[in-house]
Amino acid sequence: MKFQATKWPVTITLDVADDYTEGVDKENLKEESPEKLIQLQELADMLADALIKAKGQILAQQEAKRKQTTQNNGTES
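So that you can map any letter, position 67 of the sequence shown is 61 in this note's numbering, and since no number is skipped, the others follow by simple counting.
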């Protein structure tokens, strides 16, 4: 069973083992209680958010290093 979250530019797909979703009628999901599946969908959403935040942190660190290098090069001349 797959759960997917898309938060541009990230798409996370969780491919959950069939034995984990045992008892869930995959052919008739509309008839199932959403509580059975909502935690997995929330996990996919959280992973997408985490990747986007991590990229933002990496970019911020790289920018800080770039500025520091530029400042150091400017004061050494």
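Where is the CB? At the ideal position from N, CA and C, for every residue including glycine.
As the structure is a computational prediction, the values presented were derived from the model and not from experiment.
#### Entry: Boundaries (first-last residue) of the beta strand (DSSP E) holding Asp9
Locating residue 9 in the sequence shown gives position 15, where the first residue counts as 1. Per DSSP, Asp9 belongs to the beta strand (DSSP E) from Val4 to Asp9.
### Task
Take the Cβ of Ala48 as the centre, count every other Cβ of all protein chains shown within 10 Å, and call the residue buried at 16 or more, exposed below.
Indexing the sequence shown from 1 puts residue 48 at position 54. Looking at its Cβ environment, which holds fewer than 16 other Cβ atoms inside 10 Å, Ala48 is exposed.
### Message
Can you give me the C-alpha to C-alpha distance between Asn67 and Ala54, rounded to a whole angstrom?
### Response
The residue given as residue 67 occupies position 73 in the sequence shown. The residue given as residue 54 occupies position 60 in the sequence shown. Looking at the two C-alpha atoms, the distance is approximately 20 Å.
### Gly50 CB to nearest heavy atom of the ligand ADP below 8 Å
As far as ligands go, the structure on display features none, and thus does not contain the ligand ADP.
### Message
Considering Cα atoms alone, identify which of Ala58, Leu45 and Gln62 is closest to Lys1.
### Response
Position 7 of the sequence shown, counting from 1, holds the residue named residue 1. Out of Ala58, Leu45 and Gln62, Leu45 has the C-alpha closest to the C-alpha of Lys1.
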